[in-house]
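Visitor: Mind having a look at this structure? Questions to follow.
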């Protein structure tokens, strides 16, 4: 069965470029999460959607980061004017229900390198 | 202080040995607790949920102590395939609003030595 997919799997961007990272959650999953994982660290929460509503964006590190999920399925994380400190793996996860603590299923991640 | 603290290791353990990991969390509002496993350059995958009563899944046993805000994972008869990073995870959700998020520890790196 199809799990969470993310694209691209790898992205190299020059400092100052804008990037867009895509997440396709498991079909029918209400909740969608974005996490950032730096080397040697655990994933850090960025933002959470329940259907198309962005309920929590408290983890977005700056206003250069923007996420959307306009139709309640596919989500895009956009980073404007990328900086070297944005280099990390960006993980997307989805879960069946929202606000219930149900299991989150992770995609393979997008490894972003900013040069 | 980090919200979820784990010993990063590395733990290098001979095959067949028993190994235990511990983790503490600071937010008493945390509602659910998990151990995730992450292989090198892969995504985290749920290993097991953790309950106050303790729970076991084959060679793996997890325990939660809410009073001490402490979570543990025990692996018995370790296999080479157990080599991975083990992430301690807590979840807080606000059912009225539906808001929730996972908070991860930095992970404990385990290598099983033949």
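Chains as they are written, first to last, in the numbering used here: chain A, 525 to 639; chain B, 306 to 419. All C-beta atoms in this analysis are idealised placements derived from N, C-alpha and C, irrespective of residue type, glycine included. All figures in this text were calculated on a predicted structure; none of them were measured in a lab.
Quick one: is residue 630(A) near chain B, going by C-beta distance under 8 Å?
Guide: yes
Visitor: Of the residues 311(B), 411(B), 343(B), 313(B), which one's Cα is nearest the Cα of residue 386(B)?
Guide: Ranked by Cα distance from residue 386(B), the first of 311(B), 411(B), 343(B), 313(B) is 343(B).
Visitor: Determine whether the Cβ of residue 534(A) lies closer than 8 Å to any Cβ atom of chain B.
Guide: no
Visitor: Considering Cα atoms alone, identify which of 331(B), 346(B), 384(B), 327(B) is closest to residue 340(B).
Guide: 327(B)
Visitor: So what does DSSP say about residue 578(A), is it helix, strand or coil?
Guide: strand
Visitor: Quick one: grab the DSSP three-state call for residue 608(A).
Guide: helix
Visitor: Does the beta carbon of residue 408(B) come closer than 8 Å to any beta carbon on chain A?
Guide: A Cβ of chain A is located within less than 8 Å of the beta carbon of residue 408(B).
Visitor: Could you tell me whether the Cβ of residue 413(B) comes closer than 8 Å to any Cβ of chain D?
Guide: The structure shown contains no chain D; its protein chains are A and B.
Visitor: Can you have a look at residue 637(A) and say buried or exposed, based on whether 16 or more other CB atoms are within 10 angstroms of its CB?
Guide: exposed
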